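Beneath this line is the structure, given in C-alpha cells, with notes to follow.
2 protein chains.
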Amino acid sequence: MEIGRRDLILSAAALALTPRALAAQRPNRPLGYAIVGLGYYGLRIIIPEFANCKHSRLAAVVSGDPAKARRVAAEHGLSDRAIYSYANFDSIRDNPDVDIVYVCLPNSMHAEYTIRAAKAGKHVLCEKPMAVSAAECEAMIAACKAADRKLMIGYRCHFEPTNLEAMRLARAGEAGKIRYVRSEHGFVQGDPSAWRLKRALAGGGSLMDMGVYSLQAARYMTGEEPVAVTARESTDRRDPRFTEVEDMIEWTLEFPSGALAGCQSMYSANQNRILLMGDKGRIELEPATRYDGNRMWLGKDGREREVTPPAGPAKTQFAGQLDHIVQCVRTGQEPVVSGEEGLRDMRIVEAIYRSAREGRTIRLDGRA
Amino acid sequence: MEIGRRDLILSAAALALTPRALAAQRPNRPLGYAIVGLGYYGLRIIIPEFANCKHSRLAAVVSGDPAKARRVAAEHGLSDRAIYSYANFDSIRDNPDVDIVYVCLPNSMHAEYTIRAAKAGKHVLCEKPMAVSAAECEAMIAACKAADRKLMIGYRCHFEPTNLEAMRLARAGEAGKIRYVRSEHGFVQGDPSAWRLKRALAGGGSLMDMGVYSLQAARYMTGEEPVAVTARESTDRRDPRFTEVEDMIEWTLEFPSGALAGCQSMYSANQNRILLMGDKGRIELEPATRYDGNRMWLGKDGREREVTPPAGPAKTQFAGQLDHIVQCVRTGQEPVVSGEEGLRDMRIVEAIYRSAREGRTIRLDGRA
Numbered sequence: 110m111e112i113g114r115r116d117l118i119l120s121a122a123a124l125a126l127t128p129r130a131l132a133a134q135r136p137n138r139p140l141g142y143a144i145v146g147l148g149y150y151g152l153r154i155i156i157p158e159f160a161n162c163k164h165s166r167l168a169a170v171v172s173g174d175p176a177k178a179r180r181v182a183a184e185h186g187l188s189d190r191a192i193y194s195y196a197n198f199d200s201i202r203d204n205p206d207v208d209i210v211y212v213c214l215p216n217s218m219h220a221e222y223t224i225r226a227a228k229a230g231k232h233v234l235c236e237k238p239m240a241v242s243a244a245e246c247e248a249m250i251a252a253c254k255a256a257d258r259k260l261m262i263g264y265r266c267h268f269e270p271t272n273l274e275a276m277r278l279a280r281a282g283e284a285g286k287i288r289y290v291r292s293e294h295g296f297v298q299g300d301p302s303a304w305r306l307k308r309a310l311a312g313g314g315s316l317m318d319m320g321v322y323s324l325q326a327a328r329y330m331t332g333e334e335p336v337a338v339t340a341r342e343s344t345d346r347r348d349p350r351f352t353e354v355e356d357m358i359e360w361t362l363e364f365p366s367g368a369l370a371g372c373q374s375m376y377s378a379n380q381n382r383i384l385l386m387g388d389k390g391r392i393e394l395e396p397a398t399r400y401d402g403n404r405m406w407l408g409k410d411g412r413e414r415e416v417t418p419p420a421g422p423a424k425t426q427f428a429g430q431l432d433h434i435v436q437c438v439r440t441g442q443e444p445v446v447s448g449e450e451g452l453r454d455m456r457i458v459e460a461i462y463r464s465a466r467e468g469r470t471i472r473l474d475g476r477a
Numbered sequence: 110m111e112i113g114r115r116d117l118i119l120s121a122a123a124l125a126l127t128p129r130a131l132a133a134q135r136p137n138r139p140l141g142y143a144i145v146g147l148g149y150y151g152l153r154i155i156i157p158e159f160a161n162c163k164h165s166r167l168a169a170v171v172s173g174d175p176a177k178a179r180r181v182a183a184e185h186g187l188s189d190r191a192i193y194s195y196a197n198f199d200s201i202r203d204n205p206d207v208d209i210v211y212v213c214l215p216n217s218m219h220a221e222y223t224i225r226a227a228k229a230g231k232h233v234l235c236e237k238p239m240a241v242s243a244a245e246c247e248a249m250i251a252a253c254k255a256a257d258r259k260l261m262i263g264y265r266c267h268f269e270p271t272n273l274e275a276m277r278l279a280r281a282g283e284a285g286k287i288r289y290v291r292s293e294h295g296f297v298q299g300d301p302s303a304w305r306l307k308r309a310l311a312g313g314g315s316l317m318d319m320g321v322y323s324l325q326a327a328r329y330m331t332g333e334e335p336v337a338v339t340a341r342e343s344t345d346r347r348d349p350r351f352t353e354v355e356d357m358i359e360w361t362l363e364f365p366s367g368a369l370a371g372c373q374s375m376y377s378a379n380q381n382r383i384l385l386m387g388d389k390g391r392i393e394l395e396p397a398t399r400y401d402g403n404r405m406w407l408g409k410d411g412r413e414r415e416v417t418p419p420a421g422p423a424k425t426q427f428a429g430q431l432d433h434i435v436q437c438v439r440t441g442q443e444p445v446v447s448g449e450e451g452l453r454d455m456r457i458v459e460a461i462y463r464s465a466r467e468g469r470t471i472r473l474d475g476r477a
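Protein chains in written order, with this note's numbering: chain A, 110 to 477; chain B, 110 to 477.
Next up, the structure:
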C-alpha cells in the first residue's frame, strides 16, 4: 500500500481530531451511508452502486435478519459495529461513520425510520413513495427540519440522463406549448405474497409503486403543479393478488396552463412510457424510467428521430442520487427532490384515491 | 370498345326491364352511390376510391355548389341528371341509378340527409360521427327501418387490415386477459374557420372528430361495452380556434371484465395510437387509424415484433367500406358497423361530455 506524503501529514493531524471534525477537515471524504432494509432494492440495486459513487460509501447496514446483515457486512468489509437491528437502530447516533441513512423499507415504515434517523442526527435519503400519507410526510419534514438534517426522496429519474434530457427539451420548448403528457407505468406482479400487495406495508397498490413514476413524470415534464385530478380504479378483487390493494388506476391531472396529464399504473400488464405532446411536436420515452436502457424519440407525429442524451451527472442514476445528497450536505443546498417534493406527490396520491373512491373530480388548488 | 357475346345477350334482355328489375337480374352489377357533400372527404378521399371498388360506382353527386358539382360530374362521366342540390335532393327517389346515399356532410346535417335519403328509398352510408345526438341517431335508425333500407356508419377502421388484425389477435388471446386499452387521436387543427370548430355544424370539438376513433378503438379492441365513463376536458378558450368547441378531452371507460380504456382526443397536438395491454403481452398500433401507413407491434413489454397484417377484404379500407354495404344490400345482412353501432358511440359521447361538465363518473349501465 502506497501512502503519499500528503496523506501521512493529514493522517497524523487526524489523530488529534474527532471523526466529525475530521470530516470538516477533509471536505471531500466520501460520506457514509447506512442502508436500512436489505430487501431486493437495498441489497441488489443500491449497495452495489457505491462502487459507482464519487462521494458516497457504505458505512452500515440495518436489517431484521442478523445472519443476512452479517453476510452483507462481511462482503463489504464492514465491522460488526456497522450492523444494526431495528431494535437498536437509534444507537446509530453514536456512529460517526454514518452521515446519511437510506430508508429502503416497505412504504409504511418510511416515516418511522426517517424520523428516527433525523433524531439520531443523520441526513435521510428515503425511498419513494415518501410515506403512506401526507400527514406522515409532514411529520418527516418537521423532524428533519428540527434536527437540521437534509431530507431527500429516492426519485432516481432526476438523475437519469434520458429523463433529464427530456425535461431540458420540454423546458426549452422543443415540443412547443405543452398540451398533454401521458405517463404509463406497470408490470405484471407475479408474487401474491409480495409486501407491495399488503395494505399495511405498502399503503396502497400499483399507485404507491409504479404510479409514483407516472405522477412524477407528469409534474417534471410539464414543470407545473396540478390543480385538479379525476381518477378511476379497476381491480379484479377475485384475483388473489388484489384482495387488499388496487391493481389498475388511471387519473387525469389538470395544470394551470391548460395542459392535461393522463397517467396510469397497474400490476397486471407491462408498460413503461412517457409521452409529452405540444403544439409543435412530441417527446417520447420508452422504456422511460427503467434502471437502464431508457430511450427517447422526438417527432412531429411520432417517433421520427431517436435522441441519445448527453451523459448524466454520474456513472449511473443510482450513483447520481447517492452522491447528490452528499453534495447537498456539503454545500447546504436543498436536494432537487426534497421532502417537500415527496409531500406534493403524496397529497396528489391521496386526491387520486379520493377521486376514484368518490367518482368525482378533486380540486388540488383549494377551489370548489 | 369490345363487347362480348354474353354482354350483348344481357343488354338485349335488359331493354325490356326496369332498372330495379335489371339489378335483380344482374345481381353483381355494381351499385350506384350518390355522394352528398363535395368537401375534402367526399371529393378527395371517397370519390377516387370507386376505382378500387368491385361492387360500387359513383352514380350521382349532391352539392350546394353547382359549378363544383358540374365539374365533378363531368370528370366522372356523369350526366347533368346525376347532379343534385340540397333543395332538390328528395327527387333522388326518382333516380333508379342511385342505390346508396353516402352522407359526407358536416355532422349536424347527418340526421337530416340520412332520413331524407331513407324516405327517398335509398340505403345510407353515413360518415362518423353518426349525428350530433343520440336522439338524432335513433330517428335515423327508425327512418331507415321504416323504409326497409340499410344504414351503415363510415367506421372505415373495420375494413383496415391493421385494425382488423389487431381485433383478431385481441380476440384470439394474443395479449392474454385484456386489462387496458389506450387510444389517442389528435392533430393540430390549423384552420380557425374549419367547420369542425363550429358548434352548430360539428356538434362538438375534437371528441366529435378524432375522439370517435379513440372511442371506437376502445370498444373494438376490448370487444366489450363500457359500463361507466369519467372524463375531463381542457381547452384554452382564449385560442381563437376554440371559442365554440373543446380542444382536448380525456376519458376513462370501465368495462364489465374490469378492463379500463384510457382515451383521448385533441386538436392541439398530433397523435394516432392504439395500445392494448393484457397480462400476457401487448398489441400496439402507431399510426393506428390513418388512411394508410398504419403499423402494428406485438411484445411482452414494448414494441418487440412488428406484424404485417394479411391483406384486407378490399384494395383499400375505403373500397372495403363502400363495397360492404353493397354486399349487405344484396344478402340482407346487417352492416358490421350499423346504425345501432353509431348510436352506441353517440350515447357514450353524450356521457363523456356530461362527465366532463359535471366532474363526476357517469354510469352507462343504468346502475346508480
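Each residue gets a CB set at the ideal place from its N, CA and C atoms; glycine is no exception. It should be emphasised that the depicted structure is a prediction, and the values quoted were computed from it without experimental measurement.
Residue 331/B versus residue 389/B: straight-line alpha-carbon distance, rounded: 15 angstroms
I'd like to check one pair, residue 359/A with residue 361/B: are the Cβ atoms closer than 7 angstroms? yes
Meets three-Cβ-pair contact criterion under 8 angstroms: the stretch 377 to 394 of chain A and the stretch 284 to 298 of chain A: yes
Mind reading off the beta-carbon distance from residue 216/A to residue 311/A? Whole number of angstroms is fine, and I expect it under 8 angstroms. 5 angstroms
Hey, quick one: how far does the beta strand (DSSP E) through residue 342/A stretch, first residue to last? 337 to 343
How would you label residue 149/B, buried or exposed, when you count the other beta carbons within 10 angstroms and need 16 or more for buried? exposed
With a threshold of 7 angstroms between beta-carbons, can residue 466/A be considered close to chain B, or not? no
Which value, in whole angstroms, describes the spacing of the CA atoms of residue 439/A and residue 254/A? 17 angstroms
DSSP bridge partner residues for residue 362/A (one or two, in chain order): 338/A and 370/A
So, are the CB atoms of residue 142/B and residue 168/B less than 7 angstroms apart? yes
If you compare alpha carbons, which of 249/A, 202/A and 452/A is closest to residue 220/A? 249/A
Considering only residues of the stretch 149 to 185 of chain A, which uninterrupted alpha helix (DSSP H) runs meet the minimum length of 4 residues and lie entirely inside it, listed in chain order? 175 to 184
So the beta strand (DSSP E) residue 380/A belongs to, where does it begin and stop? 380 to 387
List, from N- to C-terminal side, the beta strand (DSSP E) runs of 3 residues or more that fit wholly inside the stretch 376 to 461 of chain B. 380 to 387, 391 to 394, 405 to 408 and 414 to 416
Considering only residues of the stretch 184 to 269 of chain B, which uninterrupted beta strand (DSSP E) runs meet the minimum length of 3 residues and lie entirely inside it, listed in chain order? 209 to 212, 232 to 235 and 260 to 262
How should residue 344/B be labelled, buried or exposed, when 16 other C-beta atoms within 10 angstroms of its C-beta is the threshold for buried? buried
Could you tell me the boundaries of the alpha helix (DSSP H) in which residue 321/A lies? 319 to 331
Could you check what DSSP says for residue 118/A in three-state terms: helix, strand or coil? Confidence in residue 118/A is poor, its pLDDT being 45 and thus under 50, which makes the residue's placement too unreliable to answer from.
By Cβ distance, which residues of its chain are closer than 8 angstroms to residue 336/A, with the 5 residues on each side in sequence left out? 363, 364, 365, 472, 473, 474 and 476
Selection of the stretch 446 to 473 of chain B by Cβ proximity to chain A, strictly under 7 angstroms: 468, 469 and 470
With 7 angstroms as the threshold, decide whether the Cβ of residue 242/B is near any Cβ in chain A. no
Comparing the C-beta of residue 371/A with each C-beta of chain B, is any distance below 7 angstroms? yes
So, at 6 angstroms on beta carbons, what are the nonlocal neighbours of residue 211/B in its own chain, with the 5 sequence-adjacent residues on each side left out? 142, 144 and 234
Enumerate in chain order the residues of its own chain whose CB-to-CB distance from residue 56/A is below 6 angstroms, with the five nearest sequence positions on each side excluded. This structure leaves residue 56/A out entirely; chain A is present only between 110 and 477.
Quick one: list the residues of chain B neighbouring residue 323/A, beta-carbon separation under 9 angstroms, in chain order. Neighbours of residue 323/A on chain B: none; closest Cβ ~11 angstroms, over 9 angstroms.
Using a Cβ cut-off of 7 angstroms (strictly closer), state whether residue 131/A contacts chain B. Confidence is the limiting factor: at residue 131/A the pLDDT is only 49, short of 50, which leaves the residue's position unreliable and the question unanswerable from this model.
With residue 152/B and residue 171/B assumed to form a contact (beta carbons below 8 angstroms), what rounded beta-carbon distance in angstroms separates them? With a Cβ gap of about 12 angstroms, residue 152/B and residue 171/B do not count as contacting.
Determine the direct distance from the alpha carbon of residue 238/B to that of residue 457/B, and round the result to whole angstroms. 12 angstroms
Local conformation of residue 131/B per DSSP, three classes: Annotation note: pLDDT 49 at residue 131/B (below 50); position unreliable, coordinate value reported separately. Looking at residue 131/B - three-state DSSP - the assignment turns out to be helix.
Under 7 angstroms Cβ-Cβ, which residues of chain B neighbour residue 380/A? 386
With 7 angstroms set as the bound, which would you pick, yes or no: does the beta-carbon of residue 432/A sit closer than that to a beta-carbon of chain B? no
Quick one: which chain A residues come within Cβ less than 9 angstroms of residue 289/B? 293, 295, 343, 357, 359, 373, 375, 377, 378 and 380
Locate the alpha helix (DSSP H) running through residue 310/A, then write down its first and last residues. 308 to 311
For residue 140/B, the first and last residue of its enclosing beta strand (DSSP E): 140 to 145
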